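In the UniProt record's numbering, the protein residues as written are 1 to 282.
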């Protein structure tokens, strides 16, 4: 585990990371970028797409030890190579919007997967030319490279929390019921105000009509401070990676965030005190 953690501190990788990040962010993907992030399904798409090439390659390895299954094994090897392309694209799109330590680990993860794709492509070619033994050897080498990439992907997801919903703990950190957060005059119209409710920072916005919106203040993507973000058209934009959330209900309108912001109910007392409540708290 120590060696895996050390990857996140390899600053020498930054020479590759910076231009690669600019290149990925510069791709003219339009709304497809949000699809690749996984916004429509509510969580990252990359882990879903990875199942196809990994499943195909694992199945090919099984068939490689079954007599007479060479043709089907080659078919699965080719399927894995082709299906790895959209999975890799989704992974790169996510990677370009991560913290530096995650990006360093992610770059090594991507290199392992690229090696696997190259080995499997060679395996497919040699199998087609009748060099079955060499094709199988390259296939098993590719499986080792893909397995290493999978281990690094798991380290990214579970150790470094890449892709995890950073707002998930919010309901568990709050007590149920209504809680005061200030008076109406404490919240200038149209300005983002940060308040704290116990351990949870809040974003409070008062509209010109008087309606008050309250969201969890730390972005669900990578905990960016939404109170420093741009407020426009009934939404707030995270200043770190550009995720956009609707103020009225916390719904994420644009990625890279795939999870919404916890949205608080608001009650205004006769004396002007603002109370908030998170329905799922406690």
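Even glycine gets a Cβ: it sits at the ideal position worked out from N, Cα and C. Small disclaimer: the values here were computed from a predicted structure and weren't measured.
query	result
Distance CB(residue 106)-CB(residue 27) smaller than 8 Å	no
Among 122, 197 and 154, the one whose alpha carbon lies nearest that of residue 170	197
Top-ranked residue by Cα proximity to residue 239, from 137, 182 and 217	217
The segment 37-51 / the segment 254-269 touching (three or more Cβ pairs under 8 Å)	yes
Proximity winner among 48, 281, 34 and 6, relative to residue 172 (alpha-carbon distances)	281
Cβ pair residue 243, residue 254 closer than 8 Å	yes
Under the three-state DSSP convention, the category residue 163 falls into	coil
Spatial neighbours of residue 76 in its chain, beta-carbon cut-off 8 Å, leaving aside the 5 residues before and after	56, 57, 59, 60 and 63
Whole-number beta carbon distance between residue 160 and residue 102, since they are thought to touch under 8 Å	5 Å
Residue 136: first and last residue of the uninterrupted alpha helix (DSSP H) it sits in	132-154
Touching by the beta-carbon criterion (3+ pairs, under 8 Å), the segment 128-148 and the segment 189-207	no
Closest residue to residue 206 among 200, 248 and 179 (Cα-Cα distance)	248
Helix, strand or coil at residue 11 according to DSSP, with G and I counted as helix	helix
Coil, strand or helix - residue 273 by DSSP	strand
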